[in-house]
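Report on the following structure.
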């Protein structure tokens, strides 16, 4: 239960702030004037009605449409309108009634298979060893992939990946494949050095035995025990939930000139749920003191040691090359099965695995994709987004925040130039303008592999 309010900062154009506030949802639109799109034409009336109907539905207060549909001549981006129209199209607004019913049926089937998959994963704790002949007559693999392909083509897309990625930063599956392939290539050297260390460790414990994919996670864990002196149980005492929440909110307050105030008698579904009001304050001259934090401050008697902090960081970064390579492999599988037709998953794994996980033979009869539920539920065709978001975050951090983590000037610049435009501009354009250049993979790769050995 979050109530929001904000005020304009000199760096923020009024139309941008308006779009930012609308993006937060559940806001009172009364009295606000929408900037006017291109004068005249059917598109203006249609798009305006569609969008304002959507916004009005978010708020419980009934109001007359005439109070809302007032316009100003302020110049602004048409991206929010275009995105809203595109979302209607992605939900079948252009389809005939027959095709719309087929779209609903396909989506219903996909959702039913999602639930069945989750239930099977949760309930089944045993396994059966069966031959291929004994499996004859069972449902074919990746039925959902085929249904997704039919759904995408029904909506006018060549494949499901392009459908899923279109509203996201990369826009196309080709861009994602290029990103993953470039990342994999740049990790080759460090991954090979990491693998040599693990092979030496296995040789000491098992003799001259081949190192395979089935050994990877076990020997990474064994190597971590040797290289990092860290007891996670001891570390947990420094991070009680109340302290973490309090610390995070304080950082947001200081960095972005925000203020959080607890709502004492909020109508929440459980006593442990916290409700807060977020205020976007106009920044004052900094007087050296932070904004008041209404959440309970936690008194901790001893601080975590710098050695423990270094160990935590080292544990995160150890063997990052191999860990990232393993994730890239599965992201590539996700992209290819959702951008192709009639892909044999076993043949695909056999082809991709030696290219990505060089020097790590795959155990015969295993299929890594079967143990990667993100492909099946929730992240179909967008598994890459985990790595993608980390790459951009690392570039932003190293470029603007590394030398002064809580610099409020840098925080406000980020808030106003990146967060405030929201969906009013292309996100890649926003990041590129903020950085003053194209985003780069290097800050992420360097930060993750610097201490990987």
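Residue numbers (the working numbering): 448 to 900. For every residue, glycine included, the Cβ atom is placed at its ideal position computed from N, Cα and C.
Legend entry - Rounded Cβ spacing between residue 781 and residue 828 (contact assumed at less than 8 Å): 6 Å
Legend entry - Rounded straight-line distance, which links the Cα of residue 792 to that of residue 556: 21 Å
Inset, instruction - Just the C-alpha distance for residue 606 and residue 545, rounded to the nearest angstrom, thanks. - result: Going by the C-alpha atoms only, they are around 21 Å apart.
Inset, instruction - Just the C-alpha distance for residue 618 and residue 826, rounded to the nearest angstrom, thanks. - result: The C-alpha of residue 826 is placed about 16 Å away from the C-alpha of residue 618.
Inset, instruction - Answer yes or no: do residue 881 and residue 623 have a C-beta to C-beta separation smaller than 9 Å? - result: It is not a contact, given that the beta carbons lie outside the stated cut-off.
Inset, instruction - Flag residue 638 as yes when its Cβ comes closer than 8 Å to any non-hydrogen atom of the ligand NAD, and as no otherwise. - result: Because no ligand of any kind appears in the structure shown, any question about the ligand NAD cannot be addressed here.
Inset, instruction - Measuring alpha carbon to alpha carbon, tell me which of 860, 774, 878 ends up nearest residue 631. - result: For the residues 860, 774, 878, the minimum Cα distance to residue 631 belongs to 774.
Inset, instruction - Inspect the CB distances between the region 687 to 703 and the region 846 to 860 and report whether three or more fall short of 8 Å. - result: Output reads yes: the region 846 to 860 touches the region 687 to 703.
Legend entry - Rounded straight-line distance, which links the Cα of residue 559 to that of residue 569: A straight line joining the alpha-carbon of residue 569 with that of residue 559 spans about 16 Å.
Inset, instruction - Just the C-alpha distance for residue 625 and residue 692, rounded to the nearest angstrom, thanks. - result: 38 Å
Inset, instruction - Assuming residue 911 and residue 769 form a contact by the criterion Cβ under 8 Å, report the distance between their Cβ atoms to the nearest whole angstrom. - result: Residue 911 lies beyond the range of the chain shown here (448 to 900); nothing can be said about it.
Legend entry - Where the alpha helix (DSSP H) containing residue 645 begins and where it ends: 635 to 653
Inset, instruction - Return the Cβ separation of residue 905 and residue 900 in integer angstroms, given the expectation that the two are a contact with Cβ distance under 8 Å. - result: Residue 905 falls outside the range modelled here, since the chain spans only 448 to 900, and no answer is possible.
Inset, instruction - Output the distance between the C-alpha atoms of residue 709 and residue 542, rounded to the nearest integer angstrom. - result: 47 Å
Inset, instruction - Measure the alpha-carbon distance for residue 547 versus residue 539 and round it to whole angstroms. - result: 6 Å
Legend entry - Reference residue 760; option with closest CA among 895, 637, 772: 895
Inset, instruction - Using alpha carbons as the reference points, say which of 788, 776, 891 lies closest to residue 796. - result: 776
Legend entry - Spatial neighbours of residue 504 in its chain, beta-carbon cut-off 7 Å, leaving aside the 5 residues before and after: Bear in mind that the predicted position of residue 504 carries a pLDDT of just 41, short of 50, making it unreliable; the figure below should be weighed with that in mind. Contacts found: none.
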